[in-house]
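First residue of the sequence shown: 0, per numbering that gives the first Met the number 0; consecutive thereafter. By construction, the Cβ of each residue, glycine as well, lies at the ideal position given by its N, Cα and C atoms.
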Amino acid sequence: MNFLVCNTYEEVSQEAAKIFEAQLKAKPDSVLGLATGSTPLGLYRELIRAYQCGGVDFSRVTSINLDEYYPIEPTHEQSYRYFMDTNLFNHININKENTFVPNGKAADPAAESVAYDERVKRLGGIDLQLLGIGENGHIGFNEPSEQLHAGTHVEVLTESTRQANSRFFASLDEVPTHAITMGMTSILTARKIVLLACGKNKHDVVMAMLDDKITTSIPATLLKCHPDMTLLCDNAAFKG
Ligand code: F6R
Numbered sequence: 000m001n002f003l004v005c006n007t008y009e010e011v012s013q014e015a016a017k018i019f020e021a022q023l024k025a026k027p028d029s030v031l032g033l034a035t036g037s038t039p040l041g042l043y044r045e046l047i048r049a050y051q052c053g054g055v056d057f058s059r060v061t062s063i064n065l066d067e068y069y070p071i072e073p074t075h076e077q078s079y080r081y082f083m084d085t086n087l088f089n090h091i092n093i094n095k096e097n098t099f100v101p102n103g104k105a106a107d108p109a110a111e112s113v114a115y116d117e118r119v120k121r122l123g124g125i126d127l128q129l130l131g132i133g134e135n136g137h138i139g140f141n142e143p144s145e146q147l148h149a150g151t152h153v154e155v156l157t158e159s160t161r162q163a164n165s166r167f168f169a170s171l172d173e174v175p176t177h178a179i180t181m182g183m184t185s186i187l188t189a190r191k192i193v194l195l196a197c198g199k200n201k202h203d204v205v206m207a208m209l210d211d212k213i214t215t216s217i218p219a220t221l222l223k224c225h226p227d228m229t230l231l232c233d234n235a236a237f238k239g
């Protein structure tokens, strides 16, 4: 695992943007695995800025997002489809038809999950996967458990995840109880992974990434098995 501590959140975002820009220069038709949440917002702002300056071209990119609440309408302001459109896709020259987020209103979420994995395979896998990390160590919505899923599946969100995400909703009751999330295999088979962890509340989980143990009770620790994984964190997450 490569590990880099930056002074500030802005620096983490800039370093992450450099990795994305290098990826797109090397392979303009990359398949990018994308994440939502507050952490990637700075990176997305950097990528929009780079696009506006002519430094990066998304016209041949395909994106595939990690997860989506279930059930949720794509037009809901807290849906991850809405998040991606408003925070990135609407501001760059990506072809929206090549942007994929699990369908939060699929009538059959199990079938949607199988189709999502098939899509990743048809795309030839993910070239560069962006990840945030839950305070409890979840990756995507793969919540701590004795057993983790390999493939895309419906996950019951833990109370701690619902509490953490309630800051985006009017009340805790409005936070969905389920999500469709990529499983650990799709994530671990990405050719390159960048994991961002910022803020004091991520300190414990960053420490768990830095010790020697791997455990399904902190799903992110499985990423230590990946041959090309970079953890970027800020001082607040490192020092606590
Ligand atoms: C989002 C996702 C989640 C978040 C995690 C951290 O697509 O998959 O695993 O990355 O919950 O969220 P923030 O960045 O809001 O702390």
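What residue does the alpha helix (DSSP H) around residue i start on, and which one ends it?
| i | result |
| --- | --- |
| residue 112 | 108-121 |
| residue 159 | 158-164 |
| residue 46 | 40-51 |
| residue 178 | From DSSP, residue 178 is part of no alpha helix (DSSP H) but of the beta strand (DSSP E) over 177-180. |
| residue 205 | 202-209 |
| residue 214 | Neither: residue 214 is in no alpha helix (DSSP H) and is coded neither H nor E. |
| residue 185 | 183-187 |
| residue 140 | Note, residue 140: premise wrong, no alpha helix (DSSP H); not H, not E. |
| residue 80 | 79-86 |
In or out: residue i buried (at least 16 other Cβ within 10 Å) or exposed?
| i | result |
| --- | --- |
| residue 243 | Past the edges of the chain, shown from 0 to 239, lies residue 243, and the structure says nothing about it. |
| residue 80 | buried |
| residue 158 | exposed |
| residue 74 | exposed |
| residue 224 | exposed |
| residue 240 | Limits of the chain in this structure are 0 at one end and 239 at the other, which puts residue 240 out of reach. |
| residue 29 | buried |
| residue 83 | buried |
| residue 95 | exposed |
| residue 64 | buried |
| residue 196 | buried |
| residue 25 | exposed |
| residue 54 | exposed |
| residue 76 | exposed |
Is the beta carbon of residue i within less than 6 Å of some heavy atom of the ligand F6R?
| i | result |
| --- | --- |
| residue 133 | yes |
| residue 38 | yes |
| residue 221 | no |
| residue 103 | no |
| residue 35 | yes |
| residue 139 | yes |
| residue 84 | no |
| residue 233 | no |
| residue 147 | no |
| residue 66 | yes |
Ends of the beta strand (DSSP E) at residue i?
| i | result |
| --- | --- |
| residue 6 | Per DSSP, residue 6 belongs to no beta strand (DSSP E) and is neither H nor E. |
| residue 64 | 61-64 |
| residue 155 | 152-155 |
| residue 127 | 127-130 |
| residue 31 | 30-33 |
Mapping DSSP to helix, strand and coil, what is residue i?
| i | result |
| --- | --- |
| residue 195 | strand |
| residue 99 | strand |
| residue 92 | coil |
| residue 233 | strand |
| residue 71 | coil |
| residue 1 | strand |
Return the Cβ separation of residue i and residue j in integer angstroms, given the expectation that the two are a contact with Cβ distance under 8 Å.
| i | j | result |
| --- | --- | --- |
| residue 177 | residue 154 | 7 Å |
| residue 131 | residue 39 | 6 Å |
| residue 220 | residue 214 | 6 Å |
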